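Asker:
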Amino acid sequence: MSERCAVIGIGQTVAKSKREDVSIAGLVREAALMAVEDAGLTFADIDAVVIGKAPDMFEGVMMPELYLASALGAVGKPLMRVHTAGSVGGSTAIVAAHLVASGIHNRVLTVAFEKQSDSDAMWALSVPQPFSSPLLAGAGGYFAPIIRAYMHRSGAPRDIGMKVAVKDRLHALKNPYAHLHLPDISLKMVEDSMMLWDPLHYLESCPSSDGAAAMVIGSERAVAQAESDTGRRPAWIHGMAMRSEPTSFAGRDQVNPQAGRDCAADLYRQAGISDPRADFDMAEVYVPFSWYEPMWLENLGFCAEGDGWKLTDAGATSLIGGGDIPWNCSGGVLSSNPIGASGMLRFLETALQIRGLAGEHQVPDARRALGQAYGGGSQFFSMWVVSVDKP
Amino acid sequence: MSGFPDLTSGNRPVGVVSFAQHDNVRREGAHNEVEMLMPVVAEVFGNIGITKDNVGFICSGSTDYLVGGPFSFVAALDAVGVWPPRAESHVEMDGAWALYEAWVLLQEGEIDAALVYSFGRSSPGNLSEILALQLDPYYMAPLWPDPTSLAALQAQAMIDAGLATEADFAAVAARARRSALGNPKAQVAYDRSPEDLLTEEYEVAPLRRHALPPLTDGCAAIVLAAGDRAYEWCERPAFITGIDHRTEAHAIGARDLTHSPSTKLAGEKAGVARSGVDVAELHAPFAHQELILVDALGLGPDVDLSPSGGALAANPMMSAGLIRIGEAARVIWSGRADRTVAHATSGPCLQQNLVCVLEGV
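Sequence lines, in order, name chains G and Y. When you read off a place in the first sequence, starting at 1, and then add 46, the result is the number in my numbering. When you read off a place in the second sequence, starting at 1, and then add 16, the result is the number in my numbering.
1) Would you kindly work out how many angstroms separate the C-alpha atoms of D353 of chain G and D359 of chain G, rounded to a whole number?
2) H47 of chain Y: which of Y:R137, Y:G292, Y:V33, Y:Y116 sits nearest, CA to CA?
3) Any chance the CB of T156 of chain G is under 6 Å from a heavy atom of the ligand GTP?
4) Among G:P410, G:S388, G:R414, which has the Cα closest to the Cα of G132 of chain G?
5) In whole angstroms, give me the CA-to-CA distance for D110 of chain Y and I175 of chain Y.
6) Would you give the residue range spanned by the beta strand (DSSP E) that R193 of chain Y belongs to?
7) Three-state secondary structure (DSSP) at L342 of chain G?
8) Helix, strand or coil for H144 of chain G per DSSP?
9) So, does the CB of G19 of chain Y fall closer than 7 Å to a CB anywhere in chain G?
10) Return the Cβ separation of H198 of chain G and G377 of chain G in integer angstroms, given the expectation that the two are a contact with Cβ distance under 8 Å.
11) List, in chain order, every chain Y residue whose beta-carbon is nearer than 8 Å to that of V121 of chain G.
12) Compare the C-beta of Y314 of chain G with all C-beta atoms of chain Y and state if any pair is closer than 7 Å.
13) Helix, strand or coil: which one does DSSP assign to T164 of chain Y?
14) Taking only the alpha-carbon atoms, compute the straight-line gap between D321 of chain G and F348 of chain G and give it to the nearest angstrom.
15) Just curious, the alpha helix (DSSP H) that M109 of chain G is in, first and last residue?
16) When you compare the CB positions of V204 of chain Y and A329 of chain Y, do they come within less than 7 Å of one another, or not?
17) Between which two residues does the alpha helix (DSSP H) harbouring L281 of chain Y extend?
18) What residues in the region 119-152 of chain G have a beta carbon less than 7 Å from any beta carbon of chain Y?
19) Output the boundary residues of the alpha helix (DSSP H) element that contains S139 of chain Y.
20) Between which two residues does the alpha helix (DSSP H) carrying Y81 of chain Y extend?
21) If you reduce the DSSP assignment to three classes, tell me which class A224 of chain G lands in.
22) How should E375 of chain Y be labelled, buried or exposed, when 16 other C-beta atoms within 10 angstroms of its C-beta is the threshold for buried?
23) Residues bridged to Y113 of chain G by DSSP?
24) The alpha helix (DSSP H) that contains E117 of chain Y, what's its start and end?
25) Return the bridge partner residues of N369 of chain Y from the DSSP annotation.
26) To the nearest angstrom, how far is it from the Cα of R262 of chain Y to the Cα of S382 of chain G?
27) Under a Cβ-count criterion, where at least 16 other Cβ atoms within 10 Å of its own Cβ denotes burial, should F295 of chain G be classed as buried or exposed?
28) Just the Cα atoms here: how many angstroms apart are G405 of chain G and G136 of chain G?
29) So, for K213 of chain G: in the same chain, excluding its five sequence neighbours on each side, which residues have a beta-carbon less than 6 Å away from its beta-carbon?
30) Indicate whether the contact test is met: 3 or more Cβ pairs, each with one atom in the region 261-280 of chain Y and one in the region 156-171 of chain Y, closer than 8 Å.
31) Evaluate contact between the region 231-245 of chain Y and the region 127-146 of chain Y, counting only Cβ atoms and requiring at least three cross-stretch pairs below 8 Å.
32) Could you tell me which whole alpha helix (DSSP H) segments of length 4 or greater appear in the region 374-415 of chain G?
33) Quick one: give me the first and last residue of the beta strand (DSSP E) that E160 of chain G is part of.
34) Kindly indicate if chain Y contains any beta-carbon less than 7 Å away from that of Y113 of chain G.
35) Would you mind reading off the limits of the beta strand (DSSP E) that contains L125 of chain G?
Right, dumping it as structure tokens:
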């Protein structure tokens, strides 16, 4: 990165099953306006807008950024639309940050959303295509066999996924923006919920949410202005990386994908991370199905391959349990899943923690955090590192 | 190697060094998007003797609604072959914006080259119905306004404002299709007089058939290279000296359709007027839109307009903008032009516009 840049504004909507009180434009504007005002700005201060979301068929609007131009205050400005599957919320933030890091713009607004209640994501994922097998089981059916391969490979006990499901829902109780608030959550409740795709119970899966997330990313100059106007500190970006690999080929490791490992290696090089578990104070990682926590603990180098489940089992990733490396303090994707925004929420939550604004789910004295999003059949990755310290 | 031009945008010279496009056809029935794209990607690398191992970033443009399924970019990326894993991104926009994203990344200096590609087929569906789904989903889309009818409103507004006549539209179309006779990739090319074209029936008044773009299946690819690397792969790179894009409001009623303030602003930011323009490749799907763009960019009568025939000769969705950049680069490589302008558009009635200035040294 050539120019220093940081998150200076954050906005998000409450995630819920159906936001029937707002249009798509109303939903994205709610988050965008909150981010812009958090930075002490108005839309007029924004130089460019970068918007991301998952497939357009999830709402039934083709290239909706065109229709959203006015709602996002983008008229007369550059407007870009990113789509990189499930990793899109992260990729969108990265594309926006590069517009500042490259020295082209001073303040860029980035927004991601999904309004799943306007259409049917399961249908959109399952439209028959010539000469290709449809994903009739949805995402859970796709990932369950990969999870079973992980269990077989690592020898993890069967209750690890359920422990993640409970832990993230306990975190969500401390996040007023989270979709699922399940005060009675327990291992027994997860175990008693319907088995959807063995080994994934209903409560080990992410919900379908309506929601939007937004951030303002500013240059060094914009940071100074925002700090003096709002008194809130920035979250400096220390590294950003994206990696993609093919969907399938003989020998592809879908449990521990090379693209994820390469992406983390590139990111850690940029940010000077040598021991992720020690160097990070927290992480927000895309865990839409419970078992992806131990799998990504390994993929991201927080432990040796095969040991991820041991960290989860020991409570290392629990904020409430006092773990040394809390993961998904917001409740994660397991508690809120506006698909296109889910990746951005990971990135946004790291910035919220670094700025010390996470409220009840704040990690005390969080100084450096990792945000990660993945998509497709675990083949698209986007990641960033944010810190209290200026790079 | 002979130096770099002054830059209006950015701080690192980035050049278009290779360009390839598929034959633009009405119906590429037997080949799917991936099968169309692969020879084009092979050609764009083969032209300059490199492989995907030589580029540090891949960025593509496409839209799911043309394919009729989610994640249409994935199959294309799989075929391009991102192994070992690559830094990669995708915009749900014309490839010209994918090129912009790659150009931004090249500005930072971590990578020296990028592959950009885009693809789209109009033939599998009914494009008029599909593009109606691009409109405001609550107030516009339920009325199913087709793009030709919206463009006709724009053309009529020009006539009502005294800015143009139907004969002006016919003159644009006659020139574009005559130019297209020299473009082996063109889909619609002919030599007919404007008077002859004016005898055609209206499709949607005041637009007759000649003022409409063809329905096209196509795809395109470009390689960008920065600094000295550009000269390693290309004798006379077409350097991007200015690039910018702007959007307007979506609601048709909120805009003055007879002008394109977003093109004007993007042109100013890209520095179009800083020096003379030899060639301008304009993405004007409808004939009257060329008149709006020429005015917005301040192009004089000496500028050679869309010598490829432009979008009236072939209008592959998601690629027609990227192809304009490729065509504007080709005339610099050949020495026919020193300074060119490429333009790309998206959305109804020129809602969103990108302007790219290219220069050879």
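A virtual CB, placed ideally from N, CA and C, is assigned to each residue, including glycine. Values in this document were obtained by computation on a predicted structure and should not be read as measured data.
Answerer: Here's the rundown:
1) As a working mapping, residue 353 of chain G is identified with position 307 in the first sequence. As a working mapping, residue 359 of chain G is identified with position 313 in the first sequence. Taking the straight line from one Cα to the other gives about 10 Å.
2) Counting from one through the second sequence, the residue named residue 47 of chain Y turns up at place 31. H47 of chain Y has its Cα closest to that of Y:R137, out of Y:R137, Y:G292, Y:V33, Y:Y116.
3) Within the structure as shown, the ligand GTP is missing, as the structure has no ligands at all.
4) Taking the first sequence and counting its residues from 1, one reaches residue 132 of chain G at position 86. Comparing Cα positions, the closest option is G:S388.
5) Here residue 110 of chain Y refers to the residue found at position 94 of the second sequence. Here residue 175 of chain Y refers to the residue found at position 159 of the second sequence. Approximately 29 Å between the Cα atoms of the pair.
6) If you number the second sequence from 1, residue 193 of chain Y lands on position 177. Counting along the chain, R193 of chain Y falls outside any beta strand (DSSP E), though it belongs to the alpha helix (DSSP H) covering 182-196.
7) Residue numbering aside, residue 342 of chain G sits at position 296 when the first sequence is read from its first letter. Rather than Leu, the amino acid found at residue 342 of chain G in this sequence is Trp. Helix.
8) Locating residue 144 of chain G in the first sequence gives position 98, where the first residue counts as 1. Three-state result, H144 of chain G: helix.
9) Here residue 19 of chain Y refers to the residue found at position 3 of the second sequence. Interface residue (Cβ-Cβ distance to chain G less than 7 Å): G19 of chain Y is not classified as such.
10) On the first sequence, position 152 is the one that residue 198 of chain G refers to. On the first sequence, position 331 is the one that residue 377 of chain G refers to. H198 of chain G to G377 of chain G, Cβ: 29 Å. No contact.
11) As a first step, residue 121 of chain G is located in the first sequence; it is residue number 75 there, counting from the start. Chain Y residues near V121 of chain G: T263, E264, A265.
12) By one-based count along the first sequence, residue 314 of chain G stands at place 268. Closer than 7 Å: no.
13) Here residue 164 of chain Y refers to the residue found at position 148 of the second sequence. In this structure, DSSP gives T164 of chain Y a helical state, which the three-state scheme calls helix.
14) Along the first sequence, one-based indexing puts residue 321 of chain G at 275. Along the first sequence, one-based indexing puts residue 348 of chain G at 302. Each residue's Cα considered, the two are about 7 Å apart.
15) Here residue 109 of chain G refers to the residue found at position 63 when the first sequence is read from its first residue. Here M109 of chain G belongs to no alpha helix (DSSP H), and DSSP marks it neither H nor E.
16) Locating residue 204 of chain Y in the second sequence gives position 188, counting from the first residue. Locating residue 329 of chain Y in the second sequence gives position 313, counting from the first residue. In this structure, V204 of chain Y sits near A329 of chain Y, with a CB-CB distance shorter than 7 Å.
17) Taking the second sequence and counting its residues from 1, the one referred to as residue 281 of chain Y is at position 265. Per DSSP, the continuous alpha helix (DSSP H) segment holding L281 of chain Y begins and ends at 277-286.
18) Within the region 119-152 of chain G, A120, V121, G122, K123, P124, L125, M126, R127, V128, H129, T130, A131, S137, V141, H144, L145, A147, S148, G149, I150 place their CB atoms closer than 7 Å to a CB of chain Y, listed in sequence order.
19) Translated into positions along the second sequence, residue 139 of chain Y becomes position 123. For S139 of chain Y, no alpha helix (DSSP H) run applies, since DSSP gives it neither H nor E.
20) As a first step, residue 81 of chain Y must be located in the second sequence, where it is residue number 65. Y81 of chain Y -> alpha helix (DSSP H) spans 80-83.
21) As a working note, residue 224 of chain G is residue 178 in the first sequence. Assigned with DSSP and collapsed to three states, A224 of chain G falls in coil, not helix or strand.
22) Here residue 375 of chain Y refers to the residue found at position 359 when the second sequence is read from its first residue. By the neighbour-count rule (16 or more Cβ atoms within 10 Å), E375 of chain Y is buried.
23) Within the first sequence, numbered from 1, the residue matching residue 113 of chain G stands at position 67. Answer is none; Y113 of chain G lacks a bridge partner.
24) Position 101 of the second sequence, counted from the start, is the residue given in the question as residue 117 of chain Y. In the DSSP assignment, E117 of chain Y falls within the alpha helix (DSSP H) that extends over 111-123.
25) Counting from 1 along the second sequence, the entry for residue 369 of chain Y is found at position 353. Answer is Y:R262, Y:T361, bridged to N369 of chain Y.
26) By one-based count along the second sequence, residue 262 of chain Y stands at place 246. By one-based count along the first sequence, residue 382 of chain G stands at place 336. Taken atom to atom, the span from the alpha-carbon of R262 of chain Y to that of S382 of chain G is near 33 Å.
27) For the purposes of this step, residue 295 of chain G is taken as the residue at position 249 of the first sequence. By the 10 Å Cβ count, F295 of chain G comes out exposed.
28) Here residue 405 of chain G refers to the residue found at position 359 of the first sequence. Here residue 136 of chain G refers to the residue found at position 90 of the first sequence. So the alpha carbons of these two residues sit roughly 23 Å apart.
29) Your numbering for residue 213 of chain G matches position 167 in the first sequence. Excluding five sequence positions before and after K213 of chain G, the CB atoms of its chain that fall closer than 6 Å to its own CB belong to S364, given in chain order.
30) As far as the Cβ criterion goes, the region 261-280 of chain Y touches the region 156-171 of chain Y, which means the pair count is three or higher.
31) Judged by Cβ distances under 8 Å, the region 231-245 of chain Y makes contact with the region 127-146 of chain Y, as three or more pairs qualify.
32) The qualifying runs are 385-400.
33) Numbered from its first residue, the first sequence carries residue 160 of chain G at position 114. In the DSSP assignment, E160 of chain G falls within the unbroken beta strand (DSSP E) covering 153-161.
34) Reading the first sequence from its first residue, position 67 is the one you call residue 113 of chain G. Judged by the 7 Å Cβ criterion, Y113 of chain G is in contact with chain Y.
35) Indexing the first sequence from 1 puts residue 125 of chain G at position 79. Here the beta strand (DSSP E) through L125 of chain G covers 125-128.
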